[in-house]
Amino acid sequence: MVRVSFGMHNRPFPQGGGSHPDCRSRRGRAGIRQAPYFARLLGLWRACAARPYHESGWDAGMPAARLVAVFFVYGLAFFAMGLAISLEARRTTDLRLAAALKYLAAFGLLHGAVEWIDMWLLLPWPLPPATAAALRVVRLALFAASTVLLAVFGTSLLGALIPRYRWVRWIPLALFAFWLAYWAVGPHLNPLATARWTPTEASCLRCHHVATPTHAAPAPIWIPSTTVGDIWGRYLIYLPASAFAALALWVQGRLFTRSGYQRLARDCWWMSGAFAVNGIVAGLIVPPAHFGLASWLNYDRFLSVVGLPPQVFRAALAVLIALFGVRILRVFDLEYARALAAAREGEMRAKNEALEVARRAAAELEEKVKDRTEELFEQVRRLAILEERDRLAREMHDSLGQVLGFVNLKAKVAEDLIARGRPADAGTELGQMRTAVQEAYEDVRQAILSLRTAPQAKGLVAGLRDYVERMREQTGLVIRLEGSEELRLPPAVEAQVIRIVQEALTNVRKHAQARSVEVRFTREGAGASVAIVDDGRGFDVAGVEGAKGMRFGLLTMKERAESIGGRLEVTSAPGQGTRVMLWIPSAS
Numbered sequence: 003m004v005r006v007s008f009g010m011h012n013r014p015f016p017q018g019g020g021s022h023p024d025c026r027s028r029r030g031r032a033g034i035r036q037a038p039y040f041a042r043l044l045g046l047w048r049a050c051a052a053r054p055y056h057e058s059g060w061d062a063g064m065p066a067a068r069l070v071a072v073f074f075v076y077g078l079a080f081f082a083m084g085l086a087i088s089l090e091a092r093r094t095t096d097l098r099l100a101a102a103l104k105y106l107a108a109f110g111l112l113h114g115a116v117e118w119i120d121m122w123l124l125l126p127w128p129l130p131p132a133t134a135a136a137l138r139v140v141r142l143a144l145f146a147a148s149t150v151l152l153a154v155f156g157t158s159l160l161g162a163l164i165p166r167y168r169w170v171r172w173i174p175l176a177l178f179a180f181w182l183a184y185w186a187v188g189p190h191l192n193p194l195a196t197a198r199w200t201p202t203e204a205s206c207l208r209c210h211h212v213a214t215p216t217h218a219a220p221a222p223i224w225i226p227s228t229t230v231g232d233i234w235g236r237y238l239i240y241l242p243a244s245a246f247a248a249l250a251l252w253v254q255g256r257l258f259t260r261s262g263y264q265r266l267a268r269d270c271w272w273m274s275g276a277f278a279v280n281g282i283v284a285g286l287i288v289p290p291a292h293f294g295l296a297s298w299l300n301y302d303r304f305l306s307v308v309g310l311p312p313q314v315f316r317a318a319l320a321v322l323i324a325l326f327g328v329r330i331l332r333v334f335d336l337e338y339a340r341a342l343a344a345a346r347e348g349e350m351r352a353k354n355e356a357l358e359v360a361r362r363a364a365a366e367l368e369e370k371v372k373d374r375t376e377e378l379f380e381q382v383r384r385l386a387i388l389e390e391r392d393r394l395a396r397e398m399h400d401s402l403g404q405v406l407g408f409v410n411l412k413a414k415v416a417e418d419l420i421a422r423g424r425p426a427d428a429g430t431e432l433g434q435m436r437t438a439v440q441e442a443y444e445d446v447r448q449a450i451l452s453l454r455t456a457p458q459a460k461g462l463v464a465g466l467r468d469y470v471e472r473m474r475e476q477t478g479l480v481i482r483l484e485g486s487e488e489l490r491l492p493p494a495v496e497a498q499v500i501r502i503v504q505e506a507l508t509n510v511r512k513h514a515q516a517r518s519v520e521v522r523f524t525r526e527g528a529g530a531s532v533a534i535v536d537d538g539r540g541f542d543v544a545g546v547e548g549a550k551g552m553r554f555g556l557l558t559m560k561e562r563a564e565s566i567g568g569r570l571e572v573t574s575a576p577g578q579g580t581r582v583m584l585w586i587p588s589a590s
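Take the position in the sequence shown, starting the count at 1, then add 2; the result is the number in our numbering.
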C-alpha cells in the first residue's frame with residue numbers, strides 16, 4: 003500500500019516547497035493557502051485548469067478539452083474495432099484466424115473502456131478522493147485484463163499458424179501472474195516494500211501520477227500504487243503483447259499471400275507494423291518515475307522532445323489498428339464466396355448426373371429422377387435463403403456503421419456544446435442520438451424477424467401469418483392478412499414474394515405513420531396478385547427519387563418482382579395512404 007494525496011485531475015495537493023511548478027505561481031492569486039481541504043482542491047483546479055499542458059510543447063494555448071478529445075478518439079477506435087470484430091467473427095468458418103479474433107475483440111472493448119476512464123478523470127468536475135482512487139483501481143484492472151487478452155490473441159494465433167510454437171500460449175499467463183504477484187499483491191503483504199513510491203507531484207500531462215521518493219502530504223489516502231502498477235504493466239505485459247500480436251499478424255499476412263489474398267496480406271502487415279510501433283509508444287513510454295527507464299523515458303521527456311503528448315500518437319495508432327483490423331474482416335466474405343462457388347459447382351455436377359441418369363434409363367428410373375430433382379430444388383431454395391441472409395447481414399452491418407458514425411458526430415457536437423456552456427443544446431443533440439439508436443434497434447429487430455420467416459410446406463399465406471402476428475405485437479399496427487391457405491407458388495417465387503411483403507411492411511412501419519395495413523392475396527387465373535394497402539400519410543411517388551432510403555427499398559422490391567417475372571406498382575399521394583400491387587404471372 004502506498005500513501006497518496008489526490009487533487010483534481012489526479013493532482014495531489016502539495017505542501018511547502020513540493021508544489022507543482024505549474025501551480026506554485028498561482029497559489030497566491032487563487033487564495034487557497036489557508037482554505038479547507040476540499041475548498042483548497044477546488045481553488046487549485048480553478049488556478050491550473052486554464053493553463054496549457056506544457057508551456058513549450060503542445061500548442062501553448064491549447065485547452066484541456068483537446069486531450070479529453072484525444073482520449074475519446076483513442077477509446078472509440080479500439081471500442082469500435084472490438085464491436086465490429088465481435089459481430090463478424092461469429093460466422094462459421096474454418097479460418098484459424100477466426101478463433102483468435104474473439105480475444106482481439108475483447109481487447110478492443112476493454113482497452114477502449116480504459117481510455118474512457120482516463121478521459122473521465124481529466125474532465126473538470128470535483129471527484130471525491132475515494133471515488134478517484136476507486137476509478138484508478140478499476141482502470142488498472144481493466145488495463146491488465148485488456149493487455150493479457152491482446153497477448154493471448156497474439157500467442158494463440160501464432161500457435162495456430164505455426165503448431166510448433168503452441169507453447170507460447172502460456173507466456174501471457176506467466177507474465178500476468180508475475181505482475182499480479184509482485185506489483186499488485188506484494189504491496190498488500192508488505193506495505194514497507196513500496197512505501198517509498200509516493201506520488202507527490204503530477205505529470206505535466208495531468209493524467210498520471212509521478213512516482214517519486216516519499217514526501218509529506220496532507221490528508222493521506224492509502225490505496226495500491228496504481229501508477230507503479232501501470233508502469234510495470236506496460237513493461238511486462240503490454241510491450242510483449244504488442245510484439246506477439248505484430249508477429250502473429252505478420253505470419254498471417256504471409257499465409258494470405260499464399261492463398262491469393264494480396265490486399266488482405268498488406269492490411270495484415272500494416273496492422274502488424276501499427277502494433278509494433280504502438281508497443282513502443284504505449285509500452286516503453288510511461289508515467290514519470292525515478293526507477294529504471296521511467297526516470298528518463300517518460301511522458302514529460304517525450305513531450306519536451308516531440309512537442310506532443312504520447313497519447314496523441316497512441317490515438318493515431320489505435321485508429322490505424324482499428325481501420326486495418328476491420329479491413330481484414332473481408333476475409334470472411336471471400337471465404338464465403340469460395341464456399342458458395344464450390345457449392346454451385348457441386349450443384350451443377352449433380353444436375354448433369356441427374357440428366358445423364360434420366361437419358362440412360364428414362365422408363366425404369368423415372369421415379370428416382372423425380373426424387374433427385376426435388377432434392378436439387380431443395381438445395382437451390384436453401385442456397386437462395388443463405389444468400390438472402392448474408393445480404394441482410396451486410397445491410398444490418400452497414401446500417402449499424404452509419405448509426406455509429408452519426409452517434410460519433412453528435413457526440414462530438416454535444417461535447418463541444420458542453421464545453422461552451424450550452425447544456426440545453428447538448429441535451430437536444432443527445433436526444434437525436436437516442437432516436438437514432440432506437441431506430442437502428444428497430445431495424446435490427448425487423449431484420450432478425452425476417453430471417454426467421456421462410457417458405458413453409460403449409461403454404462405462402464400460412465407462412466406469412468406468423469410474421470404478421472409478431473410484427474403486430476411489436477409495432478402495435480392493425481395488420482389484416484387475407485388470402486386462401488391453399489395458394490401455392492414455386493419455392494423460389496414464394497421466397498421472393500415473402501421478401502417483397504416484408505419490405506413493404508417495413509416501409510409502412512418506418513415511413514407511413516399508419517394505424518392499419520391490409521395484405522390481400524388473390525388468385526387471378528393462372529397467376530396471383532398481392533395488395534399491401536395502408537392508411538398512412540402517403541408520399542409523392544414522382545418525387546421519391548429525392549429520398550435515398552425509400553428509393554432503395556422500392557428499387558429492391560421491383561427487382562425482386564422482375565426476378566420472378568412479376569410486376570410491381572406503387573400508388574400513393576400525400577395524405578391518401580399507399581397501395582403496393584404485385585402481379586405474379588403463374589401459380590401452381
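Think of the CB as a built atom: it goes at the ideal place given N, C-alpha and C, for glycine as much as any other residue.
Owing to the predicted nature of the structure, the values given are computational and were not obtained by experimental measurement.
Range covered by the alpha helix (DSSP H) that runs through residue i
{"i": "Ile282", "result": "264 to 285"}
{"i": "Leu318", "result": "Per the sequence shown, the amino acid found at residue 318 is Ala instead of Leu. That run of the alpha helix (DSSP H) goes 312 to 330."}
{"i": "Asp536", "result": "No alpha helix (DSSP H) contains Asp536, which is instead part of the beta strand (DSSP E) from 529 to 536."}
{"i": "Val503", "result": "493 to 509"}
{"i": "Glu117", "result": "98 to 124"}
{"i": "Thr157", "result": "131 to 163"}
{"i": "Ile566", "result": "Counting along the chain, Ile566 falls outside any alpha helix (DSSP H), and DSSP gives it neither H nor E."}
{"i": "Leu177", "result": "173 to 181"}
{"i": "Ala296", "result": "Careful: Ala296 lies outside any alpha helix (DSSP H) and carries neither H nor E."}
{"i": "Pro242", "result": "241 to 261"}
{"i": "Thr229", "result": "228 to 235"}
Contacts around residue i, its chain only, beta-carbon distance under 8 angstroms, and the 5 residues preceding and following it disregarded
{"i": "Phe40", "result": "Reliability of the predicted coordinates at Phe40 is poor, the pLDDT of 44 falling under 50, and no value is obtained from them."}
{"i": "Leu249", "result": "Gly156, Leu160, Ser274"}
{"i": "Ala438", "result": "Val405, Phe408, Val409, Lys412"}
{"i": "Leu163", "result": "Arg98, Ala250, Val253, Gln254, Leu257"}
{"i": "Ile1", "result": "There is no way to answer for residue 1, as the model of the chain reaches only from 3 to 590."}
N-terminal and C-terminal residue of the beta strand (DSSP E) that residue i is part of
{"i": "Leu572", "result": "For the sequence presented, residue 572 should be read as Val rather than Leu. Unbroken beta strand (DSSP E) run through Val572: 569 to 574."}
{"i": "Thr524", "result": "518 to 526"}
{"i": "Val307", "result": "Element bounds for Val307: not the beta strand (DSSP E) but the alpha helix (DSSP H), 301 to 308."}
{"i": "Leu584", "result": "580 to 586"}
{"i": "Glu475", "result": "Here Glu475 belongs to no beta strand (DSSP E); instead the alpha helix (DSSP H) covers 462 to 477."}
{"i": "Ile481", "result": "480 to 484"}
Same chain, Cβ closer than 7 angstroms to residue i, neighbours up to 5 away in sequence not counted
{"i": "Thr149", "result": "Gly235, Ile239, Tyr240, Ala243"}
{"i": "Thr477", "result": "Arg511"}
{"i": "Glu57", "result": "In this prediction, Glu57 scores a pLDDT of 33, lower than 50, which makes its location untrustworthy; the coordinate-derived value is nonetheless stated afterwards. Contacts found: none."}
{"i": "Glu558", "result": "It is Thr, not Glu, that sits at residue 558 in the sequence shown. Excluding sequence neighbours, Thr558 sits near Glu505."}
{"i": "Arg562", "result": "Gln498, Arg501, Ile502"}
{"i": "Pro587", "result": "Gly529, Gly567, Gly568"}
6 angstroms Cβ shell around residue i - same chain, five flanking residues per side excluded
{"i": "Ala363", "result": "none"}
{"i": "Ser88", "result": "Ala107"}
{"i": "Ser112", "result": "The sequence as given places Leu at residue 112; Ser does not occur at that position. Counting only Cβ-Cβ distances below 6 angstroms, and skipping sequence neighbours, we find Leu144, Ala147, Ser148."}
{"i": "Ala197", "result": "In this prediction, Ala197 scores a pLDDT of 38, lower than 50, which makes its location untrustworthy; the coordinate-derived value is nonetheless stated afterwards. Contacts found: none."}
{"i": "Gly281", "result": "Leu241, Ser244, Ala245"}
{"i": "Glu484", "result": "Arg522"}
{"i": "Gly59", "result": "Confidence is the limiting factor: at Gly59 the pLDDT is only 35, short of 50, which leaves the residue's position unreliable and the question unanswerable from this model."}
{"i": "Leu177", "result": "Leu238, Ile239"}
{"i": "Val70", "result": "Met121, Leu124"}
{"i": "Gln36", "result": "Only weak support is given to the placement of Gln36: the predicted model assigns it a pLDDT of 38, under 50, and the question is left unresolved by the model."}
Rounded Cβ spacing between residue i and residue j (contact assumed at less than 8 angstroms)
{"i": "Val463", "j": "Leu432", "result": "That belief does not hold up - the Cβ atoms of Val463 and Leu432 are roughly 45 angstroms apart, past 8 angstroms."}
{"i": "Ala267", "j": "Phe326", "result": "11 angstroms between Cβ atoms; not a contact."}
{"i": "Val470", "j": "Ala317", "result": "Not confirmed; about 49 angstroms, so no contact."}
{"i": "Thr508", "j": "Gly538", "result": "Actually they do not touch by this definition, with Cβ atoms about 13 angstroms apart."}
{"i": "Val283", "j": "Pro312", "result": "6 angstroms"}
{"i": "Ala247", "j": "Phe80", "result": "At roughly 13 angstroms, the Cβ-Cβ gap does not stay under 8 angstroms, so Ala247 and Phe80 are not in contact."}
{"i": "Ala100", "j": "Ala91", "result": "5 angstroms"}
{"i": "Glu571", "j": "Met583", "result": "5 angstroms"}
Item to check | Segment contact flag, the stretch 512 to 524 with the stretch 534 to 547, C-beta cutoff 8 angstroms, min 3 pairs | outcome: Contact between the stretch 512 to 524 and the stretch 534 to 547 is present, with at least three C-beta pairs closer than 8 angstroms.
Item to check | Segment contact, 8 angstroms Cβ cut-off, at least three pairs: the stretch 92 to 109 with the stretch 170 to 179 | outcome: Contact check between the stretch 92 to 109 and the stretch 170 to 179: fewer than three CB pairs, one atom from each, fall below 8 angstroms, which does not count as touching.
Checklist entry - So, do the stretch 331 to 338 and the stretch 281 to 301 have three or more beta carbon pairs nearer to each other than 8 angstroms? => result With a cut-off of 8 angstroms, the stretch 281 to 301 and the stretch 331 to 338 do not count as touching, because too few Cβ pairs lie within range.
Checklist entry - Should the stretch 257 to 271 be called in touch with the stretch 287 to 306, which here means at least 3 C-beta pairs below 8 angstroms? => result No contact exists between the stretch 257 to 271 and the stretch 287 to 306.
Item to check | Cβ contact (3+ pairs, closer than 8 angstroms) linking the stretch 296 to 303 and the stretch 337 to 352 | outcome: Because the criterion of three Cβ pairs below 8 angstroms is not met, the stretch 296 to 303 and the stretch 337 to 352 do not touch.
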